[in-house]
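Reviewing the structure listed below.
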Amino acid sequence: MDLVALQTWLDNASFAILFLTMLMYWAGAAFPTVPYLSVLGSTGMAIANLGIAALLGARWIEAGYFPLSNLYESLFFIAWGITVVHFLAENMSRSHLVGTVTAPVAMSITAFATLSLPPQMQSAEPLVPALKSNC
Numbered sequence: 151m152d153l154v155a156l157q158t159w160l161d162n163a164s165f166a167i168l169f170l171t172m173l174m175y176w177a178g179a180a181f182p183t184v185p186y187l188s189v190l191g192s193t194g195m196a197i198a199n200l201g202i203a204a205l206l207g208a209r210w211i212e213a214g215y216f217p218l219s220n221l222y223e224s225l226f227f228i229a230w231g232i233t234v235v236h237f238l239a240e241n242m243s244r245s246h247l248v249g250t251v252t253a254p255v256a257m258s259i260t261a262f263a264t265l266s267l268p269p270q271m272q273s274a275e276p277l278v279p280a281l282k283s284n285c
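Quick look at the structure:
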């Protein structure tokens, strides 16, 4: 499996896992007496975090630079950051209601990056300097 196919699989899998995680957190908020829903939500968020980190790592290996050079990479970095902050906030507040907000936000960001951006915007390209001297 080449890196581009792996990246495509990882971004689609991250979206699907975040979607299921969002459903688990929302079901846990609707039915607080069911204990395993919050555990499934936290597990799903951890898997999505690792999937997004693997996607960013694969893009880093492929392109040879830290993946923040275009909108696609930046959006996935933000989604990864939201999943990291989710664990910090959930641990500090001891409330699983944090996931009812962070899971749909991270899922929406990955959905936009994966489904809305055209393929040429999803390809890894280095940044072009905005200011070039003609001297």
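Residue numbers for the sequence shown, in the numbering used here: 151 to 285.
C-beta: ideal position from N, C-alpha, C; glycine also.
For this session: Go to arginine 209, then tell me how far its alpha helix (DSSP H) extends in each direction, as first and last residue.
Result: 186–213
For this session: For the alpha helix (DSSP H) containing valine 248, list its first residue and its last residue.
Result: Looking at the DSSP string, valine 248 is not in any alpha helix (DSSP H), and its letter there is neither H nor E.
Exercise. To the nearest whole angstrom, what separates the beta carbons of tryptophan 230 and asparagine 199, a pair I think is in contact under 8 Å?
Worked result: 7 Å
Exercise. Does the distance from the C-beta atom of phenylalanine 165 to that of leucine 265 stay below 9 Å?
Worked result: yes
Problem set entry | DSSP-derived helix/strand/coil call for asparagine 241 | helix
For this session: Apply the 10 Å Cβ neighbour rule to serine 192 and answer buried if 16 or more other Cβ atoms are within range, or exposed otherwise.
Result: buried
Problem set entry | Rounded C-alpha distance that separates methionine 271 from serine 224 | 11 Å
For this session: Mind checking which residues open and close the alpha helix (DSSP H) that includes threonine 183?
Result: No alpha helix (DSSP H) holds threonine 183; DSSP gives it neither H nor E.
Exercise. With burial defined as no fewer than 16 other Cβ atoms inside 10 Å of the residue's Cβ, what is the status of tyrosine 186: buried or exposed?
Worked result: exposed
Exercise. Based on Cα-Cα distance, which residue from Val235, Ile202, Val189, His246 lies nearest to leucine 156?
Worked result: Ile202
Exercise. With a CB to CB cut of under 6 Å and the five nearest residues on each side skipped, what residues in its chain are close to methionine 257?
Worked result: Leu168, Phe169, Met172
For this session: Would you mind working out which of Val235, Gly249, Ala204 sits nearest valine 154, comparing C-alpha positions?
Result: Ala204
Exercise. What do you get for tyrosine 222, buried or exposed, if any count of 16 or more other CB atoms within 10 angstroms of its CB means buried?
Worked result: buried
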